[in-house]
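One line per chain: the protein sequences are A and B, in this order.
Sequential numbering from 70 applies to the first sequence in the numbering used here.
Sequential numbering from 70 applies to the second sequence in the numbering used here.
Glycine included, each C-beta is placed from N, C-alpha and C at the ideal position.
Here the structure is a predicted model, which is why all the values come from computation and not from measurement.
Reviewing the structure listed below.
2 protein chains.
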Amino acid sequence: MKVSAPIGVFDSGIGGLTVLRELMRLLPQEDTIYLGDTARVPYGIRSARVVNRYSLQNARFLLSQGIKLLVLACNTASATSLAYVQRALPVPVIGVIEPGARAALRASRSGRIGVVGTETTIRSKAYVKALKALEPSLKIFSQACPLFVPLAEEGWCSRDDQVALLVAERYLRPLRRQRIDTLVLGCTHYPLLRDAIAEVMGPQVVLIDSAAETARATAKLLKDMGLLRRRASGGRRSFFVTDSPQRFRALGRRFLGDGQVENVQLLEVMQ
Amino acid sequence: MKVSAPIGVFDSGIGGLTVLRELMRLLPQEDTIYLGDTARVPYGIRSARVVNRYSLQNARFLLSQGIKLLVLACNTASATSLAYVQRALPVPVIGVIEPGARAALRASRSGRIGVVGTETTIRSKAYVKALKALEPSLKIFSQACPLFVPLAEEGWCSRDDQVALLVAERYLRPLRRQRIDTLVLGCTHYPLLRDAIAEVMGPQVVLIDSAAETARATAKLLKDMGLLRRRASGGRRSFFVTDSPQRFRALGRRFLGDGQVENVQLLEVMQ
Numbered sequence: 070m071k072v073s074a075p076i077g078v079f080d081s082g083i084g085g086l087t088v089l090r091e092l093m094r095l096l097p098q099e100d101t102i103y104l105g106d107t108a109r110v111p112y113g114i115r116s117a118r119v120v121n122r123y124s125l126q127n128a129r130f131l132l133s134q135g136i137k138l139l140v141l142a143c144n145t146a147s148a149t150s151l152a153y154v155q156r157a158l159p160v161p162v163i164g165v166i167e168p169g170a171r172a173a174l175r176a177s178r179s180g181r182i183g184v185v186g187t188e189t190t191i192r193s194k195a196y197v198k199a200l201k202a203l204e205p206s207l208k209i210f211s212q213a214c215p216l217f218v219p220l221a222e223e224g225w226c227s228r229d230d231q232v233a234l235l236v237a238e239r240y241l242r243p244l245r246r247q248r249i250d251t252l253v254l255g256c257t258h259y260p261l262l263r264d265a266i267a268e269v270m271g272p273q274v275v276l277i278d279s280a281a282e283t284a285r286a287t288a289k290l291l292k293d294m295g296l297l298r299r300r301a302s303g304g305r306r307s308f309f310v311t312d313s314p315q316r317f318r319a320l321g322r323r324f325l326g327d328g329q330v331e332n333v334q335l336l337e338v339m340q
Numbered sequence: 070m071k072v073s074a075p076i077g078v079f080d081s082g083i084g085g086l087t088v089l090r091e092l093m094r095l096l097p098q099e100d101t102i103y104l105g106d107t108a109r110v111p112y113g114i115r116s117a118r119v120v121n122r123y124s125l126q127n128a129r130f131l132l133s134q135g136i137k138l139l140v141l142a143c144n145t146a147s148a149t150s151l152a153y154v155q156r157a158l159p160v161p162v163i164g165v166i167e168p169g170a171r172a173a174l175r176a177s178r179s180g181r182i183g184v185v186g187t188e189t190t191i192r193s194k195a196y197v198k199a200l201k202a203l204e205p206s207l208k209i210f211s212q213a214c215p216l217f218v219p220l221a222e223e224g225w226c227s228r229d230d231q232v233a234l235l236v237a238e239r240y241l242r243p244l245r246r247q248r249i250d251t252l253v254l255g256c257t258h259y260p261l262l263r264d265a266i267a268e269v270m271g272p273q274v275v276l277i278d279s280a281a282e283t284a285r286a287t288a289k290l291l292k293d294m295g296l297l298r299r300r301a302s303g304g305r306r307s308f309f310v311t312d313s314p315q316r317f318r319a320l321g322r323r324f325l326g327d328g329q330v331e332n333v334q335l336l337e338v339m340q
C-alpha cells in the first residue's frame, strides 16, 4: 500500500460529507475520494441484506481506485455491514459507530445515553452493542427518526423552523423523559438539524456527532500503519455519485460550504 | 396474448397500491402482479435517466411473468419513462399522468389547476404538457412536495396531525394564492395525506387522485383489445418487492386494509 494513495469515503448520499469535512480538517494533506450512492439513497429504510450488497459494491469501486483505507461514513452501512465489508477488503475499513460510542461514553456523567438514527440503524442495535461493550452498566435509550433525513435534505433545519421543531419534539420527547445527559446523532445527516435538536433537548444534553471522532480514529490508524502523508496540506478531493451530480453539488454546499464540492463525476452503472 | 394473463402493476414502492386498489374494485376478475421496487425507492429524487433504467428493469421482470398489460402506477416513472418503456415492451403500457390530467380537466370550472408531486415529476412538466395538450388555455401551477412521501410512510397523515398540517400549509400556500379550483395529487402516496391537504386547501378545491381514472383507462383498453376476463370475480393477487416483504406487508395495510397484502415475494437481484 502506498502512502500517497487516497482515503476512500462512502455514504448512501451526501450525509457522509460531515465526516469528509472532519477528515479534511484533521488530515488536509491526504487525497480523498468520496462516493455518494445517490441512485439508491436512503439506506436507512432498507434491510441489512440489501445494505450489505450495496455497501460491498461501493467498497469495491473505491478499492478499484487504489485507496489505502476506507471510511464507511454512513451510520446505516456501518451498523449493518462493517464486518462484512472488512472481510471482503484487503485494506483497513473504519465505520462511524465505534468512534461515536467512545465519544458518547467520554461525554456522559450519568451513564444515561440516548441514540437517534434511521430505522435500520436503530433496529440493528449497533450503538447499544458498541456502548455496552465499552461499559456494560450504561443505560441506553434508542429512537428511530425517519423524517430527519428528508427534513435535512429539504433544508428545513434552522433552530426556529416550526416543522423541524415539531418533528424533533415528537421524536425526542420519550428520550427527554428518560433524563439522558448525552445524545448520539447516529446518522450523518443529523448534524444539519443540530440546532433544532438542541432546542428540544435543552442545554444539559451533550450532542455527539461521530464525524470528528471518526476522523481522529482514521488519523490514528494511518499513523499506526505508517501510511500518513508527511506534507502539511495539498490534499485533492474527488467525488463520485451514482445519480445527479448537480443535485449533489447543490446540497453539498450545505455541508462543506461554497466551492468545495467540485469535480463530481457520475458513475453510471453501480450494479 | 391470453385473456387469462395477469395485469402487471409496478411502483417504486407501496404508493402504487392506491392504483391496485382501484383496479381490484373495477376489475375484480383480473389477476394482478404488483412489483414494488422497495430496494431503490423513492424515485422522486432521482434523475430521469436513472428512473428510465429502473423502470425498464421492473417492466422486463413483469413481462417475464406473462402479463397482458402493464400499469406504471408511479407518477415519477410515468412522468419520465412512459414512452421509453412503451417502446421496449410488446404489451400495452398505461401511465397515471394522462388519466389524472383528464380527470382534472373535467373537474375544473375556472381552468386554474394545481399539480403537486415529487421533485422529478414536477421538473419533468409531464402534467403541464398533458393538461395543455387537452386544453391549451388552462392555467397550471406546480409545486414539488418532497416531505409528503416520508410523512405518508411515517403514518403522520391525519387531518389533525400538526406536522402534516404545517408541512401541507408550507407547500400549498402558493397554490392557494393562485386561486386554483382543482388540485392534482400527482404522486400515488399523496391520497394518504388527502385529509390534511383538503384541510389546507379548503372545500372549494377538488382533489384529483389519478388512481380511479387509471383503472378506468385500463378497463377500457382491455375491453377494446378483447382482453377482458369474463368471469365476475376471483382475481388472484401476487406481490413482489426488491426489499423487506415484512415492511411492505405492514405499510400495505394502510392502503388496502388488513389481509389484502399477502403472498409477498422477495425479488433478490433486480439489477
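| message | Tell me which residues share the same chain as Ala237 of chain B and place their Cβ nearer than 6 Å to its Cβ, disregarding the 5 neighbours each side in the sequence. | response | Ala265, Ile266, Val269
| Are there three or more Cβ pairs, one per stretch, closer than 8 Å when the region 137-147 of chain B is compared with the region 81-90 of chain B? | Yes, they touch.
| field | Local conformation of Arg305 of chain B per DSSP, three classes | value | coil
| Using a beta-carbon distance below 9 Å, is Val110 of chain B in contact with chain A? | Yes, Val110 of chain B lies at the interface with chain A (some Cβ there is under 9 Å from its Cβ).
| query | How many Å lie between Ala173 of chain A and Ile182 of chain A at the Cα? | reply | 7 Å
| field | Residues that Thr101 of chain A bridges to, as DSSP identifies them | value | Thr101 of chain A is bridged by DSSP to A:Ile76, A:Arg306.
| field | Unbroken alpha helix (DSSP H) run spanning Ala281 of chain A, endpoints | value | 279-293
| Whose C-alpha, out of B:Ile114, B:Asn121, B:Phe130, is nearest the C-alpha of Ile358 of chain B? | Given a span of 70 to 340 for chain B in the structure shown, any question on residue 358 of chain B remains unanswerable.
| message | So Ser199 of chain A and Glu167 of chain A are supposed to be a Cβ contact under 8 Å. How far apart are they, rounded? | response | For the record, residue 199 of chain A in the displayed sequence is Ala; it is not Ser. At roughly 5 Å, the Cβ-Cβ gap stays under 8 Å, so Ala199 of chain A and Glu167 of chain A are in contact.
| Nearest-angstrom Cα distance between Gln340 of chain B and Ser124 of chain B? | Note that Gln340 of chain B scores a pLDDT of 49, beneath 50, so its modelled location is shaky; the value from the coordinates is reported in the next line. Going from the Cα of Gln340 of chain B to the Cα of Ser124 of chain B covers about 11 Å.
| Count the other CB atoms within 10 Å of the CB of Glu99 of chain B; is the residue buried (16 or more) or exposed (fewer)? | buried
| said: Helix, strand or coil for Gln334 of chain A? Go by DSSP, reduced to three states. | reply: Residue state, collapsed to three classes: strand.
| Counting pairs of Cβ atoms below 8 Å between the region 268-284 of chain B and the region 206-225 of chain B, do you hit three or more? | no
| message | Please report the distance separating the alpha-carbon of Leu216 of chain A from that of Cys214 of chain B. | response | 14 Å
| request: State buried or exposed for Pro260 of chain B, treating a residue as buried only when at least 16 other CB atoms are found within 10 Å of its CB. | output: buried
| query | With 9 Å set as the bound, which would you pick, yes or no: does the beta-carbon of Arg323 of chain B sit closer than that to a beta-carbon of chain A? | reply | no
| Every unbroken alpha helix (DSSP H) inside the region 164-202 of chain A [4 residues or more] | 166-176, 188-193
| query | Looking at the C-beta of Leu235 of chain B, does it have a partner C-beta in chain A at a distance below 9 Å? | reply | Closer than 9 Å to some Cβ of chain A, the Cβ of Leu235 of chain B qualifies, so yes.
| task | Return the CA-CA distance between Arg248 of chain B and Glu282 of chain A, expressed in angstroms with no decimal places. | result | 52 Å
| Short CB-CB distance (under 9 Å) between Val119 of chain B and chain A | yes
| Whole-angstrom distance between Arg322 of chain A and Gly328 of chain A, CA atom to CA atom | Using only the alpha carbons, I get a separation of about 8 Å.
| query | From Glu331 of chain A to Arg318 of chain A, what distance separates their C-alpha atoms? | reply | Each residue's CA atom was taken as its position, placing Glu331 of chain A and Arg318 of chain A some 7 Å apart.
| task | For the alpha helix (DSSP H) containing Gln315 of chain B, list its first residue and its last residue. | result | 314-325 is the span of the alpha helix (DSSP H), which, as asked, contains Gln315 of chain B.
| query | Over what stretch of residues does the alpha helix (DSSP H) that includes Val218 of chain A continue unbroken? | reply | 217-223
| field | Residues, ordered as in the chain, of the region 200-230 of chain A that lie near chain B by beta-carbon distance below 9 Å | value | Pro215, Leu216, Val218, Pro219, Leu220, Glu222, Glu223, Trp225
| said: Closest to Val184 of chain B by C-alpha separation, out of B:Arg178, B:Gln315, B:Lys208, B:Leu203, would be which residue? | reply: B:Lys208
| query | Under three-state DSSP, which class holds Ile209 of chain B? | reply | strand
| query | Quick one: Cα of Ser116 of chain B to Cα of Ala152 of chain B, how far? | reply | Going from the Cα of Ser116 of chain B to the Cα of Ala152 of chain B covers about 16 Å.
| message | Under 9 Å, Cβ to Cβ, is there at least one residue of chain A near Val330 of chain B? | response | no
| said: Cβ closer than 7 Å: which chain A residues qualify as neighbours of Asp312 of chain B? | reply: The answer, in chain order, is Arg115, Ser116, Val119.
| For Thr251 of chain B: DSSP bridge partner residues | B:Ile182, B:Val275
| request: Specify, as a first and last residue, the run of the alpha helix (DSSP H) that Val236 of chain A falls within. | output: Under the DSSP assignment, Val236 of chain A falls in the alpha helix (DSSP H) whose first and last residues are 231-246.
| field | First through last residue of the beta strand (DSSP E) which encompasses Leu86 of chain B | value | Element bounds for Leu86 of chain B: not the beta strand (DSSP E) but the alpha helix (DSSP H), 86-95.
| Contact under 9 Å by Cβ, Leu89 of chain A with Ala142 of chain A | yes
| Among B:Leu95, B:Pro111, B:Ala74, B:Met70, nearest to His258 of chain B - alpha-carbon criterion | Comparing Cα positions, the closest option is B:Pro111.
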